[in-house]
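Okay, structure first, notes after.
Chains as they are written, first to last, in our numbering: chain A, 569 to 983; chain B, 93 to 683.
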């Protein structure tokens, strides 16, 4: 028995040694195949009129990559570090398209990319990345992006139609709770850009009727807005319970809000709501004083909120950004999403990463509001929600959903 | 003739062959896209050149046509599931229609006003498309039948397709350049009034040009949508799109097929290289460098690189020997033989003017002028400065409409007709201020005048050659007008008027600026023309020459006829001496 044991032990030991040697050898080979760094693309406007949001997205991406690398990189790839490849997509659809072509032709090592701020640019860029089979994350929220039957686009934000459908009812609840009265009438003044048009379409065709809201004023302008007087005049004479003000350029927002104040409708005399981050951008305070924007709310796809305090702080210290907009937080989250997909894929390959995106485990979404980290067949994040922010004393504060809220909403009372 | 038309196309085909060869060797999809875009913008530049380069009517709004084409492709495929193979020609058709619609009202405007009005069209359409909800339209991917929908995985196919469009457009442009179409456009560019007087229906030709130009711009816009994949109003109707056409054409050279091609080949890759190389490092700097490059070229070569290079090459080469026009092309066309003895007193009236009046806000420039011009006569029209001589000519050839009175030509009432109609009816004229087409040869200058009578280009060439022969310029027919002396230019203008085979020739100070020896030579030519059967009315200041030349004088003063009669009696008439000739002539009158 003992001799047998010994032989067995010896055998086992020999076997073990052999296996160990073999596995060491194998490991060595595998190590050689693992990349030291994995390239991730960021294709955003860095020249032209959309430079600023592009820069903020870059900040988010850089922070994300720094954090991932500091925490040991991609473990499934032996701790490979992520490397950001930045591509300027310019300020026109054609430039964006060309830049995307340049990205897929010249940066062949990319495993995934994110971009491109404006939905028109993202549309053009993804037409290229789809053909090149490069997975592309985006914070753009045009419905059209994920209605083309594409396989390589992954939209982290709730699409525009969903945003208004879930955002406005929440707003109504806020109003009812705070003022004791449910809004009955609504005025809508908007620019005619793609996002505004898509949002308005969803509102008019569905949401208003569901909420029993009556549309009393509807005015559309083409940016840049030259004079807001006639628009606001109509609002004043109609006296709606709710004003939906939808600009997509800071200058337009400024003109409209100042006119609202001038007409004595500001400070919440008529509760004003927007549907994009434009009205909550730090740039706003460069052109208007905090009291002009006080109380104004916006329904946005993502925002630096509760649980992101450390990030918001870091952004403040490192980049002097006063708060964290969708551009920064979503792009930061995208880096972690790519990292997760790489862990799942186990290799630095665009096809494998795309496959991993399609089969994510559905972990809780830490850097995106609502839902889980999983995409449906269209490439839309399942359960993606919205954030409502409100200007309070010169800062846009998250007031909804409760689990992300950093402040309580103030509902202006009609005097 | 065949050989002649083939020749200029050789460099175009050569360029296409080289471009195709380079394109086929490129596998990088990004560089391939650049190859395609160079061709797209070159064709767009050519379409702009066809209208603005040749007629000189600057269009700031070619994006209107481009965008119509682009939206034809996307909307046609999305809503009607039509293949781009059909949509591109359809887009061209829509663009042509749009050109017609735009041209009809807009050609009433001139110069800067035209340019500004054109600027408005794409901007207006841009808003319409935004209003219609076509902010972002993407071309659906056809995974089942990609080729039927012009969707190729290999970018080289797009480059080759664009190359076909470019070669087609370039050859068409070259063909037009040499045809009466092109000559009419060039004539309009250099002097719309002179062109009208030479019998060119400027409005009709301009309409044809904008229709064709719109069709080409729209066709290439339709193709561009396939390459761009996503169409937004800004990307096809935007200011930058219109500017792109101007930029490539002006950079490369206006009014030549090579201009837009040179411009696109240099500028499009340059812009991309700057965008790619500097865009992410020094954002925005690419625009600055691009702008500076254009400014530099515009300063050094204001007419574009092509013309600058051509001028340098021409200067370096010794002057080409004068090629004498082959004499067998045509003999004198005039019915009369040189030996024809002039009989001014036939009594047959060819031009009759009754009570012609025209005033400009209170100033009676021409009042109640009546006279008769007899066949084969030479009538001298004289009078002090401001007497209304040139205004009278402008009334006779249709530049101005008379307020009252009638003009009868060969028994037909021609009062108030348009210049080109009057030219067709047989009134030819030259101008006090010469308006030669400097970049064109003598022969080409004269051909412009010949088209009104000629049915074919061949016939026009013969008429022109005959007219050149008659004024004695046959030896220098191939020289550029810019190289001629004043006398030769005067004779060339005379030949241009003659090429329309006029019944009556109105000569406005044809001898101005000539030395006495040169004036003698020109007078000799005029005499010979009269002997050949041309009826002539001439405005002139050089009295001595006039007295020897004309059969009768018509003296105008303050817009009205002062005296009409034979030279001897007119020069002695005290009223004429008082009003016009002055004291110096009083002595002569006493003789």
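Built from N, CA and C at the ideal position, the CB exists for glycine as well.
- Task: Mind listing the chain B neighbours of residue 679 of chain A? Cutoff is C-beta to C-beta under 9 Å, in chain order.
- Result: Per Cβ cutoff of 9 Å: no residues; residue 679 of chain A is ~19 Å from chain B at best.
- Item | Sequence-distant residues of its chain with Cβ nearer than 7 Å to residue 598 of chain A (five each side left out) | Here residue 598 of chain A scores only 45 on pLDDT, less than 50, and its place in the model is too uncertain to base an answer on.
- Message: Taking 6 Å as the limit between beta carbons, can you name the residues of its chain near residue 218 of chain B, skipping five residues before and five after?
- Response: 325, 329
- Under the three-state reduction of DSSP, which class applies to residue 649 of chain B: helix, strand or coil? DSSP places residue 649 of chain B in strand when its eight states are reduced to three.
- Query: Between the Cα of residue 965 of chain A and the Cα atoms of A:944, A:924, A:948, A:890, which residue gives the shortest distance?
  - Reply: A:890
- Message: Applying the 10 Å Cβ sphere with the 16-neighbour rule, what's the burial state of residue 977 of chain A?
- Response: buried
- Task: For residue 669 of chain A, decide whether its Cβ has a neighbour in chain B, counting only Cβ atoms nearer than 8 Å.
- Result: yes
- Query: When burial is assigned at 16 or more other CB atoms within 10 Å of the CB, is residue 594 of chain A buried or exposed?
  - Reply: Residue confidence is low: residue 594 of chain A scores 45 on pLDDT, short of 50, so the model does not pin down where it sits. Its coordinate-derived value is still stated next. Exposed.
- Item | Cβ contact check for the stretch 137-155 of chain B and the stretch 273-292 of chain B: 3 or more pairs under 8 Å | yes
- Message: Comparing C-alpha positions only, which one of B:314, B:608, B:576, B:623 sits nearest to residue 136 of chain B?
- Response: Cα-wise, what sits closest to residue 136 of chain B is B:314.
- Message: To the nearest angstrom, how far is the alpha carbon of residue 694 of chain A from that of residue 721 of chain A?
- Response: 7 Å
- Query: For residue 974 of chain A, which of A:692, A:657, A:880 has the nearest alpha-carbon?
  - Reply: That would be A:880, whose Cα lies nearest to the Cα of residue 974 of chain A.
- Would you say residue 601 of chain B reaches chain A, if we count a Cβ-Cβ gap shorter than 8 Å as a contact? no
- Item | Backbone secondary structure at residue 234 of chain B - three-state DSSP | coil
- Query: Under the three-state reduction of DSSP, which class applies to residue 870 of chain A: helix, strand or coil?
  - Reply: coil
- Between residue 753 of chain A and chain B, is there a C-beta pair that is closer than 8 Å? no
- Message: Please identify, using Cβ separations under 7 Å, the residues of the stretch 648-661 of chain A that lie next to chain B, in order along the chain.
- Response: 654, 655, 656, 658, 660, 661
- Task: For residue 255 of chain B, go through chain A and note every residue whose CB falls closer than 9 Å to its CB, in chain order.
- Result: In chain A, no part has a C-beta under 9 Å from the C-beta of residue 255 of chain B; the shortest such distance is about 19 Å.
- Query: Should the stretch 295-305 of chain B be regarded as contacting the stretch 270-278 of chain B, the criterion being three or more beta carbon pairs within less than 8 Å?
  - Reply: yes
- Message: Report the CB separation of residue 689 of chain A from residue 613 of chain A in whole angstroms; it is logged as a contact under 8 Å.
- Response: At roughly 7 Å, the Cβ-Cβ gap stays under 8 Å, so residue 689 of chain A and residue 613 of chain A are in contact.
- Going along the chain, which residues of its own chain have a beta-carbon closer than 8 Å to the beta-carbon of residue 533 of chain B, five neighbours each way excluded? 569, 570, 571, 572, 573
- Query: Using 8 Å as the threshold, is the stretch 560-567 of chain B in touch with the stretch 641-650 of chain B, meaning 3 or more CB pairs across them?
  - Reply: no
- Taking residue 223 of chain B as the query, report the chain A residues whose CB atoms sit under 9 Å from its CB, ordered along the chain. Ordered by position in chain A, the residues that pass the 9 Å Cβ test against residue 223 of chain B are 760, 788, 790.
- Members of the stretch 198-224 of chain B near chain A, C-beta cut-off 8 Å: Against chain A - using a Cβ distance shorter than 8 Å - the residues of the stretch 198-224 of chain B are 219, 222, 223.
- Hey, does residue 716 of chain A have any beta-carbon neighbour from chain B nearer than 8 Å? Yes, contact with chain B.
- Message: Taking the beta carbon of residue 858 of chain A as the centre, do at least 16 other beta carbons fall within 10 Å, making it buried, or is it exposed?
- Response: exposed
- Item | Secondary structure of residue 820 of chain A, DSSP reduced to three states | In this structure, DSSP gives residue 820 of chain A a helical state, which the three-state scheme calls helix.
- Item | Minimum Cβ-Cβ distance from residue 692 of chain A to chain B less than 8 Å | At a cut-off of 8 Å, the C-beta of residue 692 of chain A has a neighbouring C-beta in chain B.
- Any Cβ of chain A within less than 8 Å of the Cβ of residue 456 of chain B? no
- Ranges of the beta strand (DSSP E) found wholly within the stretch 458-533 of chain B, counting only runs of at least 3: You should have 470-474, 496-501, 519-521.
- Quick one: residues in its chain with C-beta nearer than 8 Å to the C-beta of residue 530 of chain B, no 5 flanking neighbours on either side, listed in chain order? 282, 572, 573, 574
- Item | Within chain A, partners of residue 322 of chain B - CB distance below 8 Å | 661, 665, 688, 691, 692, 695
- Query: Count the other CB atoms within 10 Å of the CB of residue 808 of chain A; is the residue buried (16 or more) or exposed (fewer)?
  - Reply: Burial check for residue 808 of chain A: the Cβ neighbour count within 10 Å reaches 16 or more, so the residue is buried.
- Beta-carbon separation (whole angstroms), residue 910 of chain A vs residue 642 of chain A, contact threshold 8 Å: About 5 Å separates the beta carbon of residue 910 of chain A from that of residue 642 of chain A, a gap short enough to meet the 8 Å contact definition.
- In angstroms, rounded to a whole number, what distance separates the CA positions of residue 195 of chain B and residue 189 of chain B? 10 Å
- Message: Check whether chain A comes within 8 Å of residue 332 of chain B, counting only Cβ atoms and requiring the distance to be less than that.
- Response: yes
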